[in-house]
Structure formats: C-alpha cells, structure tokens
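Going by our numbering, the first sequence opens with residue 2, and the numbers climb by one from there.
Glycine included, C-beta positions come from ideal geometry on N, C-alpha and C.
Values in this document were obtained by computation on a predicted structure and should not be read as measured data.
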Amino acid sequence: MFVYRANGRREPAGRCPGHPHQPHLRTLFAPAVAAAAPDPAKVPDYLAAVKPAGNPEHGDYQANFAMALAKAAGKKPPEVAKEIVAALPATADIEPPTVAGPGFINLKFTSAFLARAVRDLATDERLGLPLAAAPRTYVIDLSGPNVAKPLHVGHLRSTIIGDALVRILRALGHTVVGDNHLGDWGLQFGILIYGYKHFRDEAAFQADPVRELARLYVYINKQFKKADDDDEAPTDDPLKKACQEETAKLHAGDPENLALWKQFMPACLEMLRPIYERLDVKIDHALGESFYNPMLPGIVEDMQAKGIAFESKGAVVIPNAKGIVPRTEEEMKKEEPPAILRKRDGAFTYTTTDLATIRHRADTWQPDAMLYVVGAPQALHFKTLFAQASRWGYDRADYVHVQFGSMLGADRKPFGARKGGVVELMDLLDDAAKLGLEKYEASVADRRENGHKVYEATDAEKREIAEVVGVGAVKYADLSQSRTTDYVFDLDKMTATVGNTATYMQYAYARCRSIFREGDIDDARFRTAPPAVVLAEPAERALVLQLLRFPEAVEAAAADYLPHLVTGYLWDLAKATSVFYEKCHVLKAPTPELRDSRLLLVDLVGRTIRRALGLLGIRVVERM
RNA sequence: GCACCCAUAGCUCAACUGGAUAGAGCAUCGGUCUACGGAACCGAAGGUUGAAGGUUCGAAUCCUUCUGGGUGUACCA
2 MFVYRANGRR EPAGRCPGHP HQPHLRTLFA PAVAAAAPDP AKVPDYLAAV KPAGNPEHGD
62 YQANFAMALA KAAGKKPPEV AKEIVAALPA TADIEPPTVA GPGFINLKFT SAFLARAVRD
122 LATDERLGLP LAAAPRTYVI DLSGPNVAKP LHVGHLRSTI IGDALVRILR ALGHTVVGDN
182 HLGDWGLQFG ILIYGYKHFR DEAAFQADPV RELARLYVYI NKQFKKADDD DEAPTDDPLK
242 KACQEETAKL HAGDPENLAL WKQFMPACLE MLRPIYERLD VKIDHALGES FYNPMLPGIV
302 EDMQAKGIAF ESKGAVVIPN AKGIVPRTEE EMKKEEPPAI LRKRDGAFTY TTTDLATIRH
362 RADTWQPDAM LYVVGAPQAL HFKTLFAQAS RWGYDRADYV HVQFGSMLGA DRKPFGARKG
422 GVVELMDLLD DAAKLGLEKY EASVADRREN GHKVYEATDA EKREIAEVVG VGAVKYADLS
482 QSRTTDYVFD LDKMTATVGN TATYMQYAYA RCRSIFREGD IDDARFRTAP PAVVLAEPAE
542 RALVLQLLRF PEAVEAAAAD YLPHLVTGYL WDLAKATSVF YEKCHVLKAP TPELRDSRLL
602 LVDLVGRTIR RALGLLGIRV VERM
C-alpha cells in the first residue's frame, strides 16, 4: 500500500501510535536514552523500539534500542542496556528490568499496576479507546457495485472492509464520510438497453424486472465471451460495438435510452437494498457515475486549459504517473500508458468520472484523506489518477488506494464476474445462516444429551441467532484475512465453530453473559463501582494484559487500514479467556473478593468482544 | 515486452513492519477433566520461509538476480 501526499512522494503509511502503556514506558526511558545517545535527533527512533514482547517468557514489553545505541556510541550492547536500566527512575509500575540476549531489555508490569489499570478500564465506556488528538476527515470510497447485476461474493471485500474502516476510524473520533460510487452509467447500461431492445422476455420483465435485467446482462456477456474464445479482438465484436453505441446514445441524451435508464434504475437499486440491510452496512452517500455525468465535459476542458490533458491519437488523455505520454512504439513498450479522459468517439471514461468525483469530494467535504477500498487489479488506474489529480490542484488530501486481493475459487482461480459458478451474495448469506442454525441446534441437542439444563430458544430467537451467526461468519472470514493477499473462498471454513471465526467470538461473548445470568448477578456494579482486582493466577494476569491491549489493536488497524489486526486481537483475547476459564472458577471462586474480581474480568471480556466485533460490523446475541 | 501483487507446516492463514526458539486453526496421533456453557483444555508430529547471492549485531521482512503463479497494460469499468 502507498500514500500519495501533497508533495507527491510515495511514502509508507503511518505507524501505529502505540497503546496507552507504551507512552508510559517510553516516558520512563526517555531521560536515560537521551543521556546515552550521541545523536539527540535519534532519541525518538530509539524510544519507538519499546514494543510488546514477542514471547511472554520475555515479559510484557521489550526495549530493543540498546543494539543500535551501542553501535552509535561505540560500546557493547549489553553494557549500554545495563547502564540505561540503572539510570531509570524508581517506579512501582514495573518490575526491575532484566537484560538478555544481545541487549534486549525485558519489561514486566507489576501486578499492582495491572490490577489498578484494569479496574480503571472497567469504568471506561470506551474500554480505553483514545479519541484522536487531531481528528481528521476521511472520505471512504467503498462497495461501488455495478447496479445492473446482482451482488456476488466479489463485491464483499470492498463493502465489508470499507464498512469496518468507517466504523474503526469513527470510533477513534475522526470524521468519516462513506460514499458508494455506484456503477450506474457505464457500458453495463448499454448492455441492458441493447438486451432489452432485442432479447427481452416481456412477460418475465413485467413479472420481475430485476431478475429479467440480470438475465439479460448475463446473456449478452456470454455472447461477448464467445468472441473472445474465437481469438477475435473484443473491439471487433459487433455485439459489443452495438452495446457501446447504445451507451454513447445514452450519454448523448437520447430520449429513448434515457427513458429506459430511468426505468431500469429503481429496479436496479431495489436489487441492492436488501443486501445492504442484511449486511448491516449503511453508506452515507451513493453518488454514482450518473451524478457526475453532467460535469464531465467541464472536467476535460479545465484539464486541457491547465495543460494537464491534451489530445493524442484522437482521444484526450492525461499522462501516466511519471508525467509521460508515450507516443513512439518504443515508448509504448517501456512506459505505462496514459489514461483516457475522452475517447475518439466522444465518450468519457471512468477516469474522467473519478476526477469529477475527486473534485466534488474535495469541494464538499475538504477531507484530509480519500480512501479507495478497491481491488488490487486497479492499482495502475489509481496511481495515474492520484498523480494527475494532485497536479490538477487537488493536492490537499492524501490519496490512498486501500487495495485488497482477489477472492479465489476452490481451484485457486479468481472468481470471474462473467464465469459461471459465481455465488450470489444473497444465496451465500442464506447458506451461511442455515449452517449456523444447524450447528446451534446440534450443540443444543448435544448439551441436553449430556444432562445440561438448556435454554429453549423461541423460533424468533433462533432466526436471530441464525442471521447474526451467518452474516457474522461471512464478514469475519473476509476481515480476518490480511487484505492484501488473495484468499480462497470456503463456506465451511467461514462457518466453522472453532478457530479464529465469528462464531467462536460470538460464543465466547454468550458465555460471558451466561455466567452473569447463571449467578443472577447485576453487571452494572462492575462498571460504576468496580471492586478491587486480585491477580492470583498467571491466567488472570495474562487476561488482564490482553484486555489492556484493545486500544493498541484498534489504533494499529486504523493506522494501516488493516481490520484483520482487530480480529487477530480478538483471537488472542479469546484464547486468554479460555485459559482463564480453565484455571479460574468464577462463581465458585475461593473468596468473595476473588469472585468479584473475576466477575469484573468476565464483564470486561464480554464488553470488549462486543465492542471489537461492533467495529467490524458484526453483531452478537446474548444466548446461543 | 513493461509494470504491480503474491510465494511461509499436508491444507487455510499469522508473524506487532528489522528482533530472541517463524506461530495459529483445520487434518493426523496421543492425553486430561462428571463439564460455573465441551462449540473446552494440554501435548506430539509437521519448516533450508520458492532458489541463489547481498546489506548488519540480527532478515520471512530491505536490495539484486532467477524460478513459478496472479493481475494490469490507448479508447470496459
């Protein structure tokens, strides 16, 4: 991933600012490091090397700057580490640090500090999540479906990742504008119009316009495919040409085509609405391509007037990111192509629309950053677009292509939009919900068989469980994968009840709630007047450390636009909780003090899971 | 041809952005406990991080070359 800054330089994205205890440790070290460092300018870099320990045996945190510092000072790393440790101010928050290996400084919080910190966390509705000191305004481009066909699994990633980023950035106090750049004006409507005029089944269209339009779209595209297989250049395909002509007529304002477009649009939007509802995704704006259509001639004129765009081979183009328009054969082989704003036939392209969109977003919301949650194949397009938009004068905001890998079929081949066997989103959600319910019922039967008292859910509750579990499974599967790599679509894995899945987290949440129900305990007390926390077992200590790390995970996810850092955190939290349950009885704790302390931890685990899943757009149920 | 992305355990994925012995989940094998919710826990086995060089105290991570896959590449979006 890269960020285009105002100066046009390519820079890595911002680093994680660290969780609230990291600054605390850095403050502790700052004077000693400053005294030992020959170059004061490097002190912040050294302090940045105070980070969570990679291995719990080494403590809670580790300071890794002694090696670099020793080299700069011409000393031996372990000696430098020892000197710095000796120079630390006295504190009751950490145990005496130890020096190990080539000069690592290992740090461990005292139990007293952890107990105090987690008790403070209990009264904090934000669970430690900081509000940004300097809130920024983000415009996030997400989802962007082609409205002429039903959503399929390929649209999941942009929608789900984009929605999670909206929620995460908002949670940290930023202003976020979500904008769904609908594909509602391109060739797909030429295809629909041509298909409607020549191949429609009138009865089917009357009965269900949505389905008939979808059929026509697929039908025409299959005809294109044939041309490809015959090794004909797609542009020579007469059918495609005919569709392009219908598109051009629409764009030129042809009354018949415009009327058809207006007739088709509501049906197309109706096709999308229930899916967004089911996914629990609300996008602030849906300014599609058609919205920008009237602005396109002005965009091209303006860019030509400013000397950024010009004619080449009958089209109007903007140079590639390097500022070059290749003209000779040799250049065309070596250089990236320019982007076309207006084709030879006068039609505008999506590059022009994207430029109009940038101008509109910049003028309307004055964002500090514009994020495009769009698949990796469009990297070249955005590279060119961002570079030239900056030259055009829209250089205040950072442009980020938050790209993600393709969804692959079981054969590890990308899902092609035109290929058969593409799973429609609605069917996928139905299947996932059905599987979720089956597993729930199997689990209930199993528990009953083993003599447990089992709560009998009503049919309405079962439907709710199925939906929450099913949709959650699909979302979590996508979000838990680092977004840059391709990923293999696997429904069974998504709906698994073990491992790093939504179901496992939702179940962990339900377990927390169950303990309070079982003991008939009011949880409010643990949030308003929390009892003292007693850390008797290592499992409790590990759990507390994990609870305190929630802000760190969220901030890291926001810094690099990586929601999977939140799911990774959840998985660690869930594992720590499992061990805790195993080692520490809660309701049957040896003393009332310990029971209260453990109830506080259970309540915090439940709240943290709910909050973290909420940041990913995933819901929980109280019982399952 | 050129450009971008990727390659980690049998499979699916991590690795806190250069840190200590590369970790999980499936699958395989073994074990624990009448179980505050067993959708559990513990353990074993599984690796020359695609290959070869280089950078340095230290590399899955950074640089070069190569191999193998994906994607894009002047009038689709």
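In the same chain as F581, and ignoring 5 residues on each side of it, the C-beta atoms closer than 6 angstroms to its own belong to A540 and L544, in chain order.
Bridge pairing for A370: Y139 and D399 [DSSP]. For I169 and M495, the gap between their C-alpha atoms comes out near 22 angstroms. The C-alpha of F265 is placed about 14 angstroms away from the C-alpha of P151. Counting C-beta pairs with one atom in each stretch, the stretch 182-193 and the stretch 296-307 have fewer than three that are closer than 8 angstroms, which means they do not touch. For a cut-off of 8 angstroms, the C-beta gap from L166 to L372 is around 7 angstroms, short enough to register as a contact.
In the DSSP assignment, S144 falls outside any beta strand (DSSP E), carrying neither H nor E. CA-CA distance, A474 to A446, rounds to 22 angstroms. Counting along the chain, the unbroken alpha helix (DSSP H) around K198 starts and ends at L188 to F200.
8 angstroms or more divides the Cβ of A575 from the Cβ of L566. Within the same chain, F517 and D604 come within 6 angstroms of D524 by CB-CB distance, once the 5 residues on both sides are set aside.
Residues L143, S144, G145, V374, V375, G376 and F405 of the same chain have their beta carbon placed closer than 8 angstroms to that of S159, with the five preceding and five following residues left out of the count. A direct Cα-to-Cα measurement between D209 and F383 gives close to 38 angstroms. P41 sits in a helix when the DSSP states are folded into three classes. Per DSSP, P239 is one residue of the alpha helix (DSSP H) stretching across P239 to H252. For S313, the uninterrupted beta strand (DSSP E) segment begins and ends at F311 to S313. 8 angstroms or more divides the Cβ of L426 from the Cβ of L214. In the DSSP assignment, V177 forms a beta bridge with Y139. Counting only the Cα atoms, Y197 lies some 41 angstroms from I466. Contact annotation: I162 and R484 have beta-carbon atoms nearer than 8 angstroms. In this structure, V534 sits near L601, with a CB-CB distance shorter than 8 angstroms. F200 counts as exposed, since fewer than 16 other beta carbons sit within 10 angstroms of its beta carbon. Taking the CA atoms as reference points, A243 sits about 13 angstroms from N258. Under the DSSP assignment, V167 falls outside any beta strand (DSSP E), being part of the alpha helix (DSSP H) whose first and last residues are L157 to A172. Take A370, set aside five residues on each side of it, and the residues of its chain with a beta-carbon closer than 7 angstroms to its own are R137, Y139, A398, D399 and V401, in chain order. Looking from the CA of F387, the closest CA among I341, Y510 and N321 belongs to N321. Under a 10 Å Cβ-count criterion, L70 is classified as buried, with 16 or more other Cβ atoms of the shown protein chains found around its own Cβ. In this structure, V472 and R279 form a Cβ contact; the two beta carbons are roughly 6 angstroms apart against a cut-off of 8 angstroms. By a beta-carbon distance limit of 8 angstroms, S291 contacts W186. Their separation comes to about 4 angstroms. Looking from the CA of I106, the closest CA among M408, D164 and R27 belongs to R27. In the displayed model, T99 falls within a strand according to three-state DSSP.
Around the beta carbon of A113, fewer than 16 other beta carbons sit within 10 angstroms, so the residue counts as exposed.
Each residue's CA atom was taken as its position, placing S407 and S579 some 34 angstroms apart. Per DSSP, the continuous beta strand (DSSP E) segment holding A316 begins and ends at A316 to I319. Taken through DSSP and simplified to helix, strand or coil, P53 comes out as strand. The DSSP assignment places 330-335 as complete runs of the alpha helix (DSSP H) inside the stretch 316-361, in order along the chain (cut-off: 4 residues).
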